[in-house]
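The sequence shown runs 1191 to 1287 under this note's numbering.
Cβ atoms here follow ideal geometry from the backbone N, Cα and C, with glycine treated the same way.
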Amino acid sequence: MRSSLLVLGGARSGKSRFALASVGRPGVFVATAEAGDADMAERIGRHRRERSGAWRTVEAPVKLVSALGALAGGDADTVVVDCITLWLANLQLGGES
């Protein structure tokens, strides 16, 4: 039986770290962040370093639904999406992906 885990929390509260630790095995990390400034570039770099090399990263700043659809039925048991808030902001700002 498949299960889902929704992790909610404030900005920079450790949601990604908690989600990665909770799943117990590597899978696919779907990233919605874009490195628009130095601070965000550092956060993205830190997140990449925190994941083991076994995690596959898919970048989907705008086309999250398409990215998840492409993963459906695949061999990934675990998919972590980081972050829905940034994805919605990217949609509002009319970002391209």
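Exercise. Which ranges does the beta strand (DSSP E) cover as unbroken runs of at least 3 residues, wholly within the region 1213-1259, from first to last along the chain?
Worked result: 1218-1221, 1246-1249
Problem set entry | residue 1279 versus residue 1213 - alpha carbon distance | 27 Å
For this session: Given a cut-off of 8 Å, decide if residue 1197 and residue 1261 are closer than it, judged by their beta-carbon atoms.
Result: no
Exercise. Going by beta carbon distance, what residues of the same chain come within less than 7 Å of residue 1241, once the five residues before and after it are set aside?
Worked result: 1210, 1219
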